[in-house]
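Residue numbering for the sequence shown follows the numbering used here, starting at 1 and increasing by one per position. By construction, the Cβ of each residue, glycine as well, lies at the ideal position given by its N, Cα and C atoms.
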Amino acid sequence: MTSEPAGGPSPVRRLLRNGGYWQWSVATQAYRLPGMMAPLAFVLAAKEGLGSVAVGGVLVTVYTIAPAVTGPFAGRLYDRAGVATWAPRVIAAFAAGLVVLAAAMALGAPNAVLIGLATLVAAATGGLGGCLRTLLSERVPERLLPAALSVDSSAIELTIVGAPLIVAAVAVLGPFHPVFAMGLFMLLSGLLLRAGRFRGAARAPEGTGDDAEPPPAEAVDGRGLWQRPRFLFWLLAAAAFGQSLGTLEIGALPLAERLGGGNGTAALLVAVLGVASGLSGLGFAVVESRLRARAVTRAVTLLAVMAAAGLAVGFAGTLGVAVALYVLIGLCTAPLNATVSVAVEKDVPPGRRTEAFSTIVTTNAIGFAIPGVLLATVGMPGMVRLGAVLATTAVLIAPVLYGRRRAAGDETDEAPARVAGA
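As structure tokens, then:
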């Protein structure tokens, strides 16, 4: 069901005029770029400069796993110490660590030293993804959050495409220069977050102003994160989201080969998924304010579609059918990501949000890694058949974790736009 939004400019138009959002967006993409550059940058540095592709693979692995492990714990520390104060400092330190790592590579440091240094640097960055999400809430009015997150989902796709191109361009200068460039992008992110609007910035207190509302009972009842059934549902949804995308991306080449194609066909499938995801972000930003469905209803619907389409991919007999299914799943990604993120903010205490966002990031990464494990253990057919396990589980368990009667004044399971646009 839809309804016309409240009077005044649309959320997208208001977002376009929000300088704080665009400063946050540039800082966030600069923060994400090194992570997306890392696979190609480390492998290139290892192959061309160190003479061992295997070392590059290990560096990519520790760079990915270490922050996922430390993220939830670091998020709790940031909540206590102050996100706006410490996140820019840690990001700047991370930038310095990347420069030191690149210098160590150039100086021919032993592989063990490089791996240990990469592990320490990456582990220290745990929780920064959650910090950036918290800072978004401090700079963007609540009713603009769904649109902001949807546009950000589209920006991510541009960053994904741009990262390897930047590595290829900078690598002309030398095999270690892309790692130096990673440090420079990270430094840019820290400087942007520290500058101007982000220094000591905070959204107006809850319950005051046009864009605020009283804290829901669900978020201030004193329970920890793991005692909140609704938060557990969103964790499961995030893991299912990661598994669905991981299954499609990892399975693209085996699927292409089964359909008589090769690397080019696999690249086409992944590209189609990315384009559909980017377009869904822009589209959802436009229509979200008119949607009246509850957040959990929206999430369950999107997960059900992704699960069904993911299973159908395993039976696709032609490239056209496979492309259509990839498009369908891609169109669900940005709306689901925005829905989960906004709902988590509403379902947890304000003083635990960075921890919650960081835990969501870690859970999503675990979900994305599951298809790789399945591919190695049960093969391509088994990976595809099991690719919808988490999404199906989330759909089935939603009534248990999210179906209890709402407490008086608890609006956490409502679609964000319904509260904001009423």
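Please state whether the Cβ-Cβ distance between residue i and residue j is less than 8 Å.
| i | j | result |
| --- | --- | --- |
| alanine 309 | leucine 269 | no |
| asparagine 263 | valine 140 | no |
| threonine 392 | alanine 307 | yes |
| leucine 259 | threonine 318 | yes |
| phenylalanine 176 | alanine 106 | yes |
| leucine 98 | proline 34 | yes |
| leucine 101 | alanine 124 | no |
| leucine 114 | tyrosine 31 | no |
| leucine 158 | isoleucine 250 | no |
| threonine 85 | arginine 353 | no |
| valine 167 | leucine 59 | no |
| alanine 155 | glutamine 29 | yes |
| tyrosine 402 | arginine 230 | yes |
| alanine 252 | alanine 266 | yes |
| glycine 437 | threonine 70 | What the structure shows of the chain is the stretch from 1 to 422, and residue 437 is not part of that stretch, so it cannot be assessed. |
| glycine 281 | valine 161 | no |
Just to check my reading of the structure: residue i and residue j have Cβ atoms closer than 8 Å, yes? What is that Cβ distance to the nearest angstrom?
| i | j | result |
| --- | --- | --- |
| glycine 367 | glycine 246 | 7 Å |
| cysteine 332 | valine 313 | Not really, about 13 Å apart at Cβ, beyond 8 Å. |
| isoleucine 329 | serine 244 | 6 Å |
| alanine 66 | alanine 122 | 4 Å |
| alanine 240 | leucine 390 | 4 Å |
| leucine 193 | alanine 87 | 6 Å |
| glycine 382 | proline 371 | Between proline 371 and glycine 382 the Cβ distance is about 10 Å, and since that is not below 8 Å, they are no contact. |
Give the range of the alpha helix (DSSP H) segment to which residue i is assigned.
| i | result |
| --- | --- |
| glutamate 157 | 145-170 |
| glycine 320 | 319-347 |
| threonine 125 | Taken as a continuous stretch (DSSP letters only), threonine 125 belongs to no alpha helix (DSSP H), as it is neither H nor E. |
| glutamine 23 | 19-44 |
| glycine 372 | 353-385 |
| arginine 76 | 53-81 |
| leucine 236 | 229-250 |
| leucine 15 | 11-16 |
If we ignore side chains and look at the alpha-carbon of each, how far apart do residue i and residue j end up?
| i | j | result |
| --- | --- | --- |
| alanine 93 | isoleucine 360 | 24 Å |
| alanine 365 | serine 153 | 16 Å |
| tyrosine 63 | alanine 295 | 33 Å |
| threonine 377 | alanine 103 | 38 Å |
| serine 341 | proline 335 | 10 Å |
| alanine 338 | arginine 223 | 24 Å |
| proline 9 | arginine 290 | 13 Å |
| phenylalanine 315 | alanine 238 | 25 Å |
| alanine 420 | phenylalanine 185 | Residue confidence is low: alanine 420 scores 34 on pLDDT, short of 50, so the model does not pin down where it sits. Its coordinate-derived value is still stated next. If I take the Cα positions, the gap works out to 35 Å. |
| methionine 182 | valine 400 | 44 Å |
| leucine 44 | phenylalanine 180 | 13 Å |
| valine 286 | leucine 149 | 12 Å |
| valine 83 | leucine 396 | 36 Å |
| proline 215 | proline 350 | Here proline 215 scores only 47 on pLDDT, less than 50, and its place in the model is too uncertain to base an answer on. |
| arginine 385 | leucine 255 | 13 Å |
| valine 344 | phenylalanine 357 | 8 Å |
| leucine 236 | tyrosine 326 | 22 Å |
| valine 348 | arginine 228 | 8 Å |
| alanine 394 | leucine 232 | 10 Å |
| lysine 449 | methionine 36 | Absent from the structure is residue 449, since the part of the chain shown begins at 1 and ends at 422. |
| alanine 27 | arginine 14 | 20 Å |
| alanine 417 | threonine 301 | Only weak support is given to the placement of alanine 417: the predicted model assigns it a pLDDT of 37, under 50, and the value that follows is read from those uncertain coordinates. Their backbone Cα atoms lie some 17 Å apart in a straight line. |
| glutamate 355 | tryptophan 234 | 14 Å |
| leucine 144 | glycine 49 | 47 Å |
| proline 146 | proline 178 | 34 Å |
| glycine 242 | leucine 303 | 11 Å |
| threonine 61 | valine 55 | 10 Å |
| aspartate 79 | cysteine 131 | 9 Å |
Quick check on residue i: does DSSP put it in helix, strand or coil?
| i | result |
| --- | --- |
| leucine 107 | coil |
| leucine 291 | strand |
| valine 140 | coil |
| proline 178 | helix |
| phenylalanine 315 | coil |
| leucine 269 | helix |
| leucine 120 | helix |
| arginine 223 | coil |
| arginine 199 | Its pLDDT being 46, under 50, arginine 199 is placed unreliably by the model, and nothing is read from it. |
| leucine 259 | coil |
| alanine 388 | coil |
| alanine 212 | In this prediction, alanine 212 scores a pLDDT of 41, lower than 50, which makes its location untrustworthy; the coordinate-derived value is nonetheless stated afterwards. Coil. |
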